[in-house]
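Count the sequence shown with our numbering and you get residues 23 to 454, in order. Ideal Cβ placement from N, Cα and C applies to all residues, glycine included. Below you'll find the structure, written out as structure tokens, and then a few comments.
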Amino acid sequence: MAFFPMERYWIAHDALMVLTFVPSLILFLCSLCAARRRGDPARRAFSWLKAAFGFFTLFIFLDFAGYGLDLAASRISHDTNLDSAINNVQNVILQIEHAANQVFAIARLIEIFTDLMTFLMLVNLGNGILISHAGKQSESGKIVKHAALGISAVLAILAIAFFGLRTNYIANIFRGVVYGLSPKMANQFNTSRQLDFSVRVLLFILSLGIVAQSVAIKMKTRTEPRVHTACNMFVACAVLWLLRSTYSMAAMASLTNLSSYLKDPTFKNYFDITDVVLGTWPELILLSLAFGLGSKKANGLWSTEQPFMTRGGNAVSPWGFNYDPNQVSQPVMVHGQPPVAQQNWPQYQQPQPYYAPQAVNEMPHNGINEMPTQSQPTAMPHYTPQQQTPYNVYMPQPQVRSPPPHEDAMGLNHQANGSPPQAVPQPYYEKA
Numbered sequence: 023m024a025f026f027p028m029e030r031y032w033i034a035h036d037a038l039m040v041l042t043f044v045p046s047l048i049l050f051l052c053s054l055c056a057a058r059r060r061g062d063p064a065r066r067a068f069s070w071l072k073a074a075f076g077f078f079t080l081f082i083f084l085d086f087a088g089y090g091l092d093l094a095a096s097r098i099s100h101d102t103n104l105d106s107a108i109n110n111v112q113n114v115i116l117q118i119e120h121a122a123n124q125v126f127a128i129a130r131l132i133e134i135f136t137d138l139m140t141f142l143m144l145v146n147l148g149n150g151i152l153i154s155h156a157g158k159q160s161e162s163g164k165i166v167k168h169a170a171l172g173i174s175a176v177l178a179i180l181a182i183a184f185f186g187l188r189t190n191y192i193a194n195i196f197r198g199v200v201y202g203l204s205p206k207m208a209n210q211f212n213t214s215r216q217l218d219f220s221v222r223v224l225l226f227i228l229s230l231g232i233v234a235q236s237v238a239i240k241m242k243t244r245t246e247p248r249v250h251t252a253c254n255m256f257v258a259c260a261v262l263w264l265l266r267s268t269y270s271m272a273a274m275a276s277l278t279n280l281s282s283y284l285k286d287p288t289f290k291n292y293f294d295i296t297d298v299v300l301g302t303w304p305e306l307i308l309l310s311l312a313f314g315l316g317s318k319k320a321n322g323l324w325s326t327e328q329p330f331m332t333r334g335g336n337a338v339s340p341w342g343f344n345y346d347p348n349q350v351s352q353p354v355m356v357h358g359q360p361p362v363a364q365q366n367w368p369q370y371q372q373p374q375p376y377y378a379p380q381a382v383n384e385m386p387h388n389g390i391n392e393m394p395t396q397s398q399p400t401a402m403p404h405y406t407p408q409q410q411t412p413y414n415v416y417m418p419q420p421q422v423r424s425p426p427p428h429e430d431a432m433g434l435n436h437q438a439n440g441s442p443p444q445a446v447p448q449p450y451y452e453k454a
């Protein structure tokens, strides 16, 4: 069973989309917990990032399914003897092609929403850099943010209108075996393509504006080291989105004739591959860079104090568990040794006063050793030991204590530096 050249390109397209779908799904799931906003006004972009990742992952799946359905319909039509089962096979092929066209229409709608979420993410990313730089949101930033929401709403309406016209056309054309288009359906099909191309042109213009915004913010904050990484990633994301929108507009302009579908140029099969390389992969790289910026703690995009930035307070570990850094012993530096948490060693018990023994002739001989009473005054020298200090392995001091047992004297229970055996828990410091 040999595949036709067109079918080979379809298989290659689906293989590339599978390679794109796996990392996209993984990063989307990771972004739900690793790129959180944490109540920071400078991190609103990462809320749009999650939406963009979700739409993008869904688009990849639908695009893969559409090409798979086209491949199935092509294989059935070429491997089946239509003369022997013309009715059943033809109906199956029409149903598969109907499903494929409907899936492609939904995939295109999801792709437009992906671009809109990306646009809003990039606008809020630039606004967040300015907030982190100035400490507050400017009036111009509010205007830009609301303008971006309005433009996205207009484009969403155009996308929904395109989807409605396209699905209506698909439903009419596949109601039966149709060998030609009526003027009404042909006009409807051309109108849907014109709306699609209009959205692509507007997205291209918006991408040019995002590139200009990224360069302007980069020049404005070039002296601020805290937002240096964020500015570089913002410029890279803007360039990648410009590449994607430029290819999307140019590809449709070269493949379609907006005045009439009958005048469309011949489709080139290699566009099935370039659609992935120049259209899908830049979007994946763009969202991956934004995810990397959103998950960074050090050199990330922050404008408010966070628990992990301070030693005090109820800090949060990377896994979401709360802990109190005040309960963690602070490291001590002694004689150039690495920091080790101080230990509360057991206090040395002060010995009881020592009484000198009596003379043999002064001791009672009743079989019981008794202490002198008031009737038998005896001079008993009293020995008061020096105040003992707790043993500190980090700051050794001369101490007066009883001789050690044999094992300690021989060094059998001591380490190489002379200190008693110990197991010092090392404090865990969260990585930035």
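Query raised in the report: For Gln235, which of helix, strand or coil comes out of DSSP?
Result: Looking up residue 235 in the sequence shown gives position 213. Helix.
Query raised in the report: Going by Cα to Cα distance, which pick from Asp62, Ala175, Thr213, Leu91 is closest to Asn190?
Result: As a working note, residue 190 is residue 168 in the sequence shown. In terms of CA proximity to Asn190, Thr213 leads the group Asp62, Ala175, Thr213, Leu91.
Query raised in the report: Can you tell me whether Ser281 is buried or exposed, with buried defined as 16 or more other CB within 10 angstroms of its CB?
Result: In the sequence shown, counting from the first residue as 1, residue 281 sits at position 259. So Ser281 ends up on the exposed side.
Query raised in the report: What's the gap between the Cα of Ile33 and the Cα of Phe86?
Result: Translated into the one-based positions of the sequence shown, residue 33 becomes position 11. Translated into the one-based positions of the sequence shown, residue 86 becomes position 64. Answer to the nearest angstrom: the Cα atoms are 10 Å apart.
Query raised in the report: If you compare alpha carbons, which of Ser267, Phe219, Arg215 is closest to Gly231?
Result: Here residue 231 is taken as the residue at index 209 of the sequence shown, counted from 1. The option with the nearest alpha carbon to Gly231 is Ser267.
Query - Cβ neighbours of Leu41 in the same chain (closer than 7 Å, five flanking residues each side left out) - result: Start at 1 with the first residue of the sequence shown, and residue 41 comes out as number 19. Nothing meets the Cβ criterion.
Report task. Going by CA-CA distance only, name the one from Tyr31, Lys158, Leu225, Ile128 that's closest to Ala175. Result -> Against the sequence shown, residue 175 aligns to sequence position 153. The shortest C-alpha separation from Ala175 is found at Leu225.
Query raised in the report: By the 10 Å Cβ neighbour count, where 16 or more other Cβ atoms means buried, how is Gly322 classified, buried or exposed?
Result: The sequence position of residue 322 within the sequence shown is 300, counting from 1. So Gly322 counts as buried.
Report task. Enumerate in chain order the residues of its own chain whose CB-to-CB distance from Lys318 is below 8 Å, with the five nearest sequence positions on each side excluded. Result -> In the sequence shown, residue 318 corresponds to position 296, counting from 1. Within the same chain, Lys318 has close Cβ partners Thr251.
Query - Phe75 and Gly148 closer than 8 Å at C-beta - result: Indexing the sequence shown from 1 puts residue 75 at position 53. Indexing the sequence shown from 1 puts residue 148 at position 126. Not in contact: Phe75 and Gly148 (Cβ atoms no closer than 8 Å).
Query raised in the report: Using DSSP with H/G/I as helix, E/B as strand and the rest coil, what is Trp263?
Result: The count along the sequence shown starts at 1 and reaches residue 263 at position 241. Trp263 falls in the helix class under three-state DSSP.
Report task. Buried or exposed for Gln235, please, with buried defined as at least 16 other CB atoms from any protein chain shown within 10 angstroms of its CB. Result -> In the sequence shown, counting from the first residue as 1, residue 235 sits at position 213. The residue in question, Gln235, is buried, as its Cβ has 16 or more Cβ neighbours within 10 Å.
**Report entry** Proximity test, Cβ basis, 8 Å: Met255 and chain B
**Finding:** Checking the listed chains, one finds no chain B in this structure; it contains a single protein chain.
Requested in this report: Note the first and the last residue of the continuous alpha helix (DSSP H) segment covering Val176.
Outcome: To locate residue 176, count along the sequence shown from 1; it is residue 154. Taken as a continuous stretch (DSSP letters only), the alpha helix (DSSP H) holding Val176 covers 161-195.
Query raised in the report: Quick one, are the C-beta atoms of Leu142 and Trp70 less than 8 Å apart?
Result: Taking the sequence shown and counting its residues from 1, one reaches residue 142 at position 120. Taking the sequence shown and counting its residues from 1, one reaches residue 70 at position 48. It is a contact, given that the beta carbons lie within the stated cut-off.
Query - Own chain residues within Cβ distance below 6 Å of Asn194, not counting five before or after - result: In the sequence shown, counting from the first residue as 1, residue 194 sits at position 172. Counting only Cβ-Cβ distances below 6 Å, and skipping sequence neighbours, we find Met207.
Query raised in the report: Is Phe126 helix, strand or coil when you go by DSSP?
Result: The residue given as residue 126 occupies position 104 in the sequence shown. In this structure, Phe126 counts as helix in the three-state DSSP scheme.
Query raised in the report: Any idea what DSSP makes of Glu246, helix, strand or coil?
Result: In the sequence shown, the residue the question calls residue 246 occupies position 224. Note: Glu246 maps to coil in three-state DSSP.
**Report entry** Alpha carbon of Asp92 to alpha carbon of Gln210, nearest angstrom
**Finding:** The residue given as residue 92 occupies position 70 in the sequence shown. The residue given as residue 210 occupies position 188 in the sequence shown. About 23 Å.
Query raised in the report: Could you check where the alpha helix (DSSP H) with Thr296 kicks off and where it finishes?
Result: As a first step, residue 296 is located in the sequence shown; it is residue number 274 there, counting from the start. 293-296 is the extent of the alpha helix (DSSP H) around Thr296.
Requested in this report: Going by CA-CA distance only, name the one from Val298, Arg222, Val261 that's closest to Val233.
Outcome: One-based indexing of the sequence shown puts residue 233 at position 211. Selected option, being the one with the closest Cα: Val261.
**Report entry** Straight-line gap, Val298 to Ser160 (C-alpha atoms, nearest Å)
**Finding:** For the purposes of this step, residue 298 is taken as residue 276 along the sequence shown, with counting starting at 1. For the purposes of this step, residue 160 is taken as residue 138 along the sequence shown, with counting starting at 1. Ser160 has its alpha-carbon roughly 39 Å from the corresponding atom of Val298.
Query raised in the report: Can you give the Cα-Cα distance for Ala122 and Tyr292, rounded to whole angstroms?
Result: Translated into positions along the sequence shown, residue 122 becomes position 100. Translated into positions along the sequence shown, residue 292 becomes position 270. Distance between the alpha carbons of Ala122 and Tyr292: 20 Å.
Report task. Return the chain-ordered list of same chain residues with a C-beta closer than 6 Å to the C-beta of Val249, the five sequence neighbours on each side being excluded. Result -> The sequence position of residue 249 within the sequence shown is 227, counting from 1. Answer for Val249: Ile151, Ser154, His155, Thr243, listed in chain order.
Requested in this report: Go ahead and pull the three-state DSSP assignment for Gly322.
Outcome: The count along the sequence shown starts at 1 and reaches residue 322 at position 300. Note: Gly322 maps to coil in three-state DSSP.
Requested in this report: Identify the continuous alpha helix (DSSP H) that holds Ala73 and give its terminal residues.
Outcome: Indexing the sequence shown from 1 puts residue 73 at position 51. Start and end: 67-101.
**Report entry** Exposed unless 16 or more other CB atoms sit within 10 angstroms - verdict on Ile239
**Finding:** Numbered from 1 along the sequence shown, position 217 holds the residue referred to as residue 239. Buried is the call here.
Requested in this report: Express the C-alpha separation of Leu49 and Ala169 in angstroms, rounding to a whole number.
Outcome: Stepping through the sequence shown from its first residue, residue 169 is reached at position 147. Stepping through the sequence shown from its first residue, residue 49 is reached at position 27. Each residue's alpha carbon lies about 29 Å from the other.
Query raised in the report: Where does the unbroken alpha helix (DSSP H) through Thr42 begin, and where does it stop?
Result: The residue given as residue 42 occupies position 20 in the sequence shown. Where Thr42 is concerned, the enclosing alpha helix (DSSP H) stretches over 27-56.
Requested in this report: Would you give the residue range spanned by the alpha helix (DSSP H) that Gly314 belongs to?
Outcome: The residue labelled residue 314 in the question sits at position 292 within the sequence shown. Its alpha helix (DSSP H) spans residues 303-317.
Report task. Rank Ala275, Val145, Ala258 by C-alpha distance to the C-alpha of Ile165 and give the top, closest one. Result -> For the purposes of this step, residue 165 is taken as the residue at position 143 of the sequence shown. Out of Ala275, Val145, Ala258, Val145 has the C-alpha closest to the C-alpha of Ile165.
**Report entry** CA-to-CA distance, Gln112 to Asp294, given in whole angstroms
**Finding:** For the purposes of this step, residue 294 is identified with residue 272 of the sequence shown, where counting begins at 1. For the purposes of this step, residue 112 is identified with residue 90 of the sequence shown, where counting begins at 1. Cα to Cα, Asp294 sits roughly 26 Å from Gln112.
Query raised in the report: Taking the alpha-carbon positions, what's the Asp286 to Ala275 distance?
Result: In the sequence shown, counting from the first residue as 1, residue 286 sits at position 264. In the sequence shown, counting from the first residue as 1, residue 275 sits at position 253. Those two C-alpha atoms are separated by around 10 Å.
Query - Span separating the alpha-carbon of Gly172 from that of Phe185 - result: The sequence position of residue 172 within the sequence shown is 150, counting from 1. The sequence position of residue 185 within the sequence shown is 163, counting from 1. Cα-Cα distance, rounded: 20 Å.
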